[in-house]
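So, in structure tokens, the structure goes:
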């Protein structure tokens, strides 16, 4: 795909001007001067994005906004388009934050992601309470209709379905599966395509480096293609650690989905530097590890990240991005799940109250060694 809309092309002409203004802004750290940016470094390779929270969208976090505007050319809403926030009660939609999110993307010439139309988590309470299957289906169709129609021609890509498969490759026994049956994924993809034929339609999931899960998604892609159902790409969440998955495992993801005929996006990239309870991997938000809360062994860096660990993180990112550049012809987008360590979800998952350091910017909004290592990756 690599489609660059007119607004993205248009905005690129003003990159130097934007950088100059950012550099003289007294509210931004000197380490944050934007003479070189992630988006310019990886231009013509893939979109480079960030998930943004409500404070950034609503202009309450100016430093984060400036980082996003100057470093990235794609945005994903961390929570603002999820069901429990945008339709908390039947047919009562709150589009305020979502509208401002989309407008931010339009104003800054970004590739805008809609996340996510169908997901079993962070669902409105009324959906959990709906027992009639026909009524449930009607709610789903109405929800997708309202969102996709409202942002048609504005949102460039939708995460249509999120996390529908278990680790063994079976469909998750989710509320959508129970009420709509085993073909619900294809049904909602067809509906999204009908509502906005030009939008990129993505299936998004974690732990796709595991063969059983990846193969199940590949079979789904093949089925869609055989049936003439549009699926533009697969989103690989990329909530990874310093030692997993291996570079070879990540590369196999890219190869396999490319062979299946879809692009790959790394949609939620962050690298945890903390101990992993029970060797937990992935992003199943419903895991409960409350017994580890307050355990210093699980929170070894409460004050700062030791230099040797910071270097491991930087080298890990360097290796990953070197692989991404190698396969840039197969990769549509790379999105970090957050902007700074301060607001990363990994501070409270899978164990609440920890101090994690998974992103390229620290808690003071300063770029880290990992940021500099990523910019050292050769792109030609």
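Residue numbers (the numbering used here): 7 to 386.
Idealized CB from N, CA, C, for every residue including glycine.
> Would residue 1 pass as a contact of residue 158 if the rule is Cβ separation under 8 angstroms?
Replying inline: Residue 1 lies beyond the stretch modelled for the chain, which goes from 7 to 386, so this question has no answer here.
> Which first and last residues belong to the alpha helix (DSSP H) in which residue 152 is found?
Replying inline: As a working mapping, residue 152 is identified with position 146 in the chain shown. Unbroken alpha helix (DSSP H) run through residue 152: 139-156.
> Going straight from the alpha carbon of residue 309 to that of residue 319, what length do you get?
Replying inline: Indexing the chain shown from 1 puts residue 309 at position 303. Indexing the chain shown from 1 puts residue 319 at position 313. So the alpha carbons of these two residues sit roughly 17 angstroms apart.
>> Considering only their Cβ atoms, is the gap separating residue 341 from residue 46 smaller than 8 angstroms?
In response: Along the chain shown, read from residue 1 onward, the residue named residue 46 stands at position 40. Along the chain shown, read from residue 1 onward, the residue named residue 341 stands at position 335. Result no, Cβ atoms of residue 46 and residue 341 do not sit closer than 8 angstroms.
>> Less than 6 angstroms between C-beta atoms, sequence neighbours within five positions excluded: which residues of the same chain meet that for residue 68?
In response: Sequence index remark: in the chain shown, residue 68 carries index 62 (1-based). Taken in chain order, the list of residues that qualify is empty.
> Helix, strand or coil for residue 378 per DSSP?
Replying inline: Along the chain shown, read from residue 1 onward, the residue named residue 378 stands at position 372. DSSP places residue 378 in helix when its eight states are reduced to three.
> In its own chain, which residues sit with a C-beta less than 6 angstroms from the C-beta of residue 168, not counting the 5 before and 5 after it?
Replying inline: Position 162 of the chain shown, counted from the first residue, corresponds to residue 168. Cβ within range, chain order: 122, 125, 210.
> Taking DSSP as the reference, what is the three-state secondary structure of residue 112?
Replying inline: Along the chain shown, one-based indexing puts residue 112 at 106. Look at residue 112 here: in three-state DSSP terms it is helix.
> According to the neighbour-count rule (16 or more other Cβ atoms, all chains shown, within 10 Å of its Cβ), is residue 205 buried or exposed?
Replying inline: Walking along the chain shown from the start, residue 205 turns up at place 199. So residue 205 counts as buried.
> What residue from 225, 197, 127, 109 has the CA that sits closest to residue 151's CA?
Replying inline: In the chain shown, residue 151 corresponds to position 145, counting from 1. Nearest option by C-alpha distance: 197.
> Over what stretch of residues does the beta strand (DSSP E) that includes residue 273 continue unbroken?
Replying inline: Here residue 273 refers to the residue found at position 267 of the chain shown. Per DSSP, residue 273 belongs to the beta strand (DSSP E) from 269-278.
> Counting Cβ pairs closer than 8 angstroms, one from the segment 319-337 and one from the segment 292-300, do we hit at least three?
Replying inline: no
>> Taking the beta carbon of residue 189 as the centre, do at least 16 other beta carbons fall within 10 Å, making it buried, or is it exposed?
In response: As a working mapping, residue 189 is identified with position 183 in the chain shown. Classification of residue 189: exposed, given that the 10 Å Cβ count is below 16.
> In terms of alpha-carbon separation, which member of 227, 84, 273 lies closest to residue 58?
Replying inline: Sequence index remark: in the chain shown, residue 58 carries index 52 (1-based). Out of 227, 84, 273, the CA that lies nearest to the CA of residue 58 is found in 84.
> What does DSSP give as the partner residues of residue 222 in its beta bridges?
Replying inline: Walking along the chain shown from the start, residue 222 turns up at place 216. Paired residues: none, contrary to the question.
> When you compare only the Cα positions, how much space is there between residue 380 and residue 49?
Replying inline: If you number the chain shown from 1, residue 380 lands on position 374. If you number the chain shown from 1, residue 49 lands on position 43. Rounded to the nearest angstrom, the two C-alpha atoms are 14 angstroms apart.
> According to the Cβ coordinates, are residue 307 and residue 357 closer than 8 angstroms?
Replying inline: The residue given as residue 307 occupies position 301 in the chain shown. The residue given as residue 357 occupies position 351 in the chain shown. Cβ atoms of residue 307 and residue 357: not closer than 8 angstroms.
> So residue 213 packs on residue 173, CB below 8 angstroms; how close in whole Å?
Replying inline: Counted from its first residue, the chain shown places residue 213 at position 207. Counted from its first residue, the chain shown places residue 173 at position 167. That belief holds up - the Cβ atoms of residue 213 and residue 173 are roughly 6 angstroms apart, short of 8 angstroms.
>> Quick check on residue 278: buried or exposed, where buried means 16 or more other Cβ atoms within 10 Å of its Cβ?
In response: Taking the chain shown and counting its residues from 1, one reaches residue 278 at position 272. By the neighbour-count criterion, in which a residue is buried when 16 or more other Cβ atoms sit within 10 angstroms of its Cβ, residue 278 is buried.
> To which residues does DSSP link residue 121 through a beta bridge?
Replying inline: Residue numbering aside, residue 121 sits at position 115 when the chain shown is read from its first letter. Paired residue(s): 165.
> With distances taken from CA atoms, which of 265, 260, 95 is nearest residue 271?
Replying inline: As a working note, residue 271 is residue 265 in the chain shown. The shortest C-alpha separation from residue 271 is found at 260.
>> Contact defined as beta carbons within less than 8 angstroms: I believe residue 192 pairs with residue 142. What is the distance between those atoms, to the nearest angstrom?
In response: Looking up residue 192 in the chain shown gives position 186. Looking up residue 142 in the chain shown gives position 136. Going by Cβ atoms, the distance from residue 192 to residue 142 rounds to 17 angstroms, so no, they are not a contact pair.
> From what residue to what residue does the alpha helix (DSSP H) around residue 343 run?
Replying inline: Here residue 343 refers to the residue found at position 337 when the chain shown is read from its first residue. Note, residue 343: premise wrong, no alpha helix (DSSP H); not H, not E.
>> In whole angstroms, give me the CA-to-CA distance for residue 232 and residue 165.
In response: Taking the chain shown and counting its residues from 1, one reaches residue 232 at position 226. Taking the chain shown and counting its residues from 1, one reaches residue 165 at position 159. Each residue's Cα considered, the two are about 21 angstroms apart.
> Any idea if residue 72 is buried or exposed, counting beta-carbon neighbours within 10 angstroms, 16 or more meaning buried?
Replying inline: Counted from its first residue, the chain shown places residue 72 at position 66. Buried, since its Cβ has 16 or more Cβ neighbours within 10 Å.
> What's the C-alpha gap between residue 300 and residue 367?
Replying inline: The count along the chain shown starts at 1 and reaches residue 300 at position 294. The count along the chain shown starts at 1 and reaches residue 367 at position 361. Between residue 300 and residue 367, the C-alpha separation is close to 25 angstroms.
>> Spatial neighbours of residue 118 within its chain, please: C-beta separation below 7 angstroms, excluding the five flanking residues on both sides.
In response: Walking along the chain shown from the start, residue 118 turns up at place 112. Beyond the five residues adjoining it in sequence on each side, residue 118 comes within less than 7 angstroms, by CB distance, of 81, 108, 111, 160, 161, 162 in the same chain, given in chain order.
> Grouping DSSP H, G and I as helix and E and B as strand, with all else coil, what is residue 316?
Replying inline: Position 310 of the chain shown, counted from the start, is the residue given in the question as residue 316. The answer is helix: DSSP assigns residue 316 an H, G or I state.
>> I'd like to check one pair, residue 268 with residue 239: are the Cβ atoms closer than 8 angstroms?
In response: Locating residue 239 in the chain shown gives position 233, where the first residue counts as 1. Locating residue 268 in the chain shown gives position 262, where the first residue counts as 1. In contact: residue 239 and residue 268 (Cβ atoms closer than 8 angstroms).
>> Measuring only the C-alpha atoms, how far is residue 255 from residue 217?
In response: Locating residue 255 in the chain shown gives position 249, counting from the first residue. Locating residue 217 in the chain shown gives position 211, counting from the first residue. Their backbone Cα atoms lie some 9 angstroms apart in a straight line.
>> With distance defined between alpha-carbon atoms, name the residue in 265, 93, 87 nearest to residue 225.
In response: As a first step, residue 225 is located in the chain shown; it is residue number 219 there, counting from the start. That would be 265, whose Cα lies nearest to the Cα of residue 225.
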